[in-house]
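Chemist: Same order as they appear, the protein sequences are chains S and E. Taken in order, the first sequence gives residues 1 to 269; the numbers are from the working numbering. Taken in order, the second sequence gives residues 1001 to 1155; the numbers are from the working numbering. For glycine and all other residues, C-beta sits at the position ideal for the given N, C-alpha and C. No experiment lies behind these values; they were computed from the predicted model shown. Structure provided below as structure tokens; questions to follow.
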Amino acid sequence: MWEVLKKPTSHIGAIGAFTLAAIQRLGQATLFLGQVLRHSGTSITRPALTVREVYFAGALSLIIIMVSGLFVGMVLGLQGYETLQTYGSEEKLGVLVALSLVRELGPVVSALLFASRAGSAITAEIGLMKATEQIVAMDMMAVNPIARVVAPRFWGGVISMPLLAALFSAMGIFGAYIVGVRLIGVDEGAFWSQMQAAVDFDHDIMNGVIKSMVFGVGISAVATFEGFDAPPTAEGVSRATTRTVVHSSLLVLALDLVLTGFMMRMWGN
Amino acid sequence: MNSRVVEFWVGMFVLVGFASLLFLALKVGNLGFGEDAGSYTVIAKFNNIGSLKVRAPVRAAGVTVGRVDSVDFDAAGYQARVSMTITGTYQFPTDTSASILTSGVLGENYVGLEAGADETFLKAGDQIQITQSAVVLEQLIGRFLYDKAQSNGGK
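Structure, rendered in structure tokens:
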């Protein structure tokens, strides 16, 4: 798609060509997502394909998500305590940690980790299958590569993402509990009860789950598209992998802002 | 990769994921509070609610007994109309009074209920008649300064 850039008619023309190419690519990605959704039947009728992708995208991400969640929660506990104690309200530590994890950090940080850990792997795998002409071979055998290769990976990512985000938040709260209550000595009863009074299931936890589902769709869509669209060369696959991480991370951050805005408007607070 | 191993780990992953969601719902969140069937809604009108928000607690003797459902402006009486859901296990007499209070100096506003002595209890949809508005700091300071000026002038 970037070949238009090689012979720009003028500097202004180059900007125009770049913009048109970007819009065209966005359109291709959207059409591709439509195709993936249309050919998703196979992912349900042959669940073994999807289960295998949930294993690669989700189960193998367990360790990094759990460890990161634990450490993010511990740091939040330390920093939160430091700030809150100047107001003499360190028992609000549970509220601070739980709300920031459940609403924002859980979905967003686990999505960023997921994009770099699983998204890049999906792109590299599909790109390499294309480079080694496995995709073309499937087409020759009248096996639809989108149904057989792409859709299971897409749904594997979509299924894994909310579970990973919930795990991240839970581990983070546990980490803050270890630091705040066990090490620093914030009152345990206040830590949990203030948290329970402030965190609402519908407004806070479900919002986090919805966010992580949207992020899952976004990351999986970018990763599969970049892989399927990669030039079938070593350089092409490596560039596509980089683009997946960069684009899906930016997409997650942008979507997060939009979703947060919508949710705050919807619940009126 | 053996498909048994894959299935085991995917099962493990899904279980751990749902377990953490359950942990968030039950231990971190307050799922199940408004769910109990016996809870009832009462309304109260205030001249001024301060910064009372939806989902603020309703407390009696310091114990949380319910939540504020909605806050809106009653154009007919130029008052704030607060509707609150109270847990079904708690019954309050009809002459209970409601006031807008603040927890701590910088804390949130909440509705405090002071039980009356009536024989009959509040039912769903009833209105609490005796209400006390929020204390607005500016008005309080204004009144203090006014009193001060008057006492000085009288000297």
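If you count every other CB in all the chains shown that lies within 10 Å of the CB of S169 (chain S), and 16 or more means buried, which is it?
Modeler: So S169 (chain S) ends up on the buried side.
Chemist: Please check if any C-beta of chain S sits within less than 7 Å of the C-beta of A1134 (chain E).
Modeler: For A1134 (chain E), the answer is no, since every Cβ of chain S falls outside 7 Å of its Cβ.
Chemist: If the cut-off is 8 Å on Cβ atoms, which residues from the stretch 243-267 of chain S count as contacting chain E, listed in chain order?
Modeler: Those residues of the stretch 243-267 of chain S that come within reach of chain E (Cβ to Cβ, closer than 8 Å) do not exist; the list is empty.
Chemist: With three or more C-beta pairs closer than 8 Å as the rule, is the stretch 1114-1124 of chain E touching the stretch 1087-1101 of chain E?
Modeler: At 8 Å Cβ cutoff, the stretches touch.
Chemist: With 16 as the cutoff for other CB atoms within 10 Å, does I15 (chain S) come out buried or exposed?
Modeler: I15 (chain S) comes out exposed.
Chemist: Measuring only the C-alpha atoms, how far is R52 (chain S) from V1065 (chain E)?
Modeler: Between R52 (chain S) and V1065 (chain E), the C-alpha separation is close to 49 Å.
Chemist: Using a Cβ cut-off of 7 Å, pull out every chain E residue sitting near R52 (chain S), in sequence order please.
Modeler: The contacting residues are V1006.
Chemist: Beta carbons nearer than 7 Å to chain E: which residues of the stretch 53-69 of chain S have them?
Modeler: For the stretch 53-69 of chain S, which is checked against every Cβ of chain E, the residues closer than 7 Å are V54, Y55, G58, A59 and L62.
Chemist: When you compare only the Cα positions, how much space is there between L1022 (chain E) and Q79 (chain S)?
Modeler: Spanning the two alpha carbons is a distance of roughly 27 Å.
Chemist: Please list, in chain order, all residues of the same chain as A1060 (chain E) whose beta carbon is under 6 Å from its beta carbon, the five residues on each side excluded.
Modeler: If we look at A1060 (chain E) and ignore the five residues flanking it on each side, its Cβ neighbours are L1113.
Chemist: Would you kindly check if the distance between the Cβ of V179 (chain S) and the Cβ of L220 (chain S) is under 7 Å?
Modeler: The sequence given here has Ser at residue 220 (chain S), not Leu. No, the pair does not count as a contact, with Cβ atoms beyond the cut-off.
Chemist: With a CB to CB cut of under 8 Å and the five nearest residues on each side skipped, what residues in its chain are close to A190 (chain S)?
Modeler: Closer than 8 Å at the Cβ level, and outside the excluded window around A190 (chain S), lie E91 and G94.
Chemist: Give me the Cα-Cα distance between D1147 (chain E) and M264 (chain S), rounded to the nearest whole angstrom.
Modeler: Those two C-alpha atoms are separated by around 43 Å.
Chemist: Let me check understanding here. Comparing Cα to Cα, which of S:S100, S:V217, S:R153 and S:D187 lies closest to S43 (chain S)?
Modeler: The shortest C-alpha separation from S43 (chain S) is found at S:R153.
Chemist: Check whether the stretch 241-254 of chain S touches the stretch 139-155 of chain S, taking contact to mean three or more Cβ pairs, one atom from each stretch, closer than 8 Å.
Modeler: Contact between the stretch 241-254 of chain S and the stretch 139-155 of chain S is absent, because fewer than three Cβ pairs lie under 8 Å.
Chemist: DSSP has G119 (chain S) in a bridge; who is on the other side?
Modeler: DSSP output for G119 (chain S) lists no bridge partner at all.
Chemist: Kindly indicate if chain S contains any beta-carbon less than 7 Å away from that of F1073 (chain E).
Modeler: Chain S, which has no Cβ nearer than 7 Å to the Cβ of F1073 (chain E), makes this no.
Chemist: Using DSSP's beta-bridge definition, name the partner residues of Q1127 (chain E).
Modeler: Q1127 (chain E) pairs with E:I1043.
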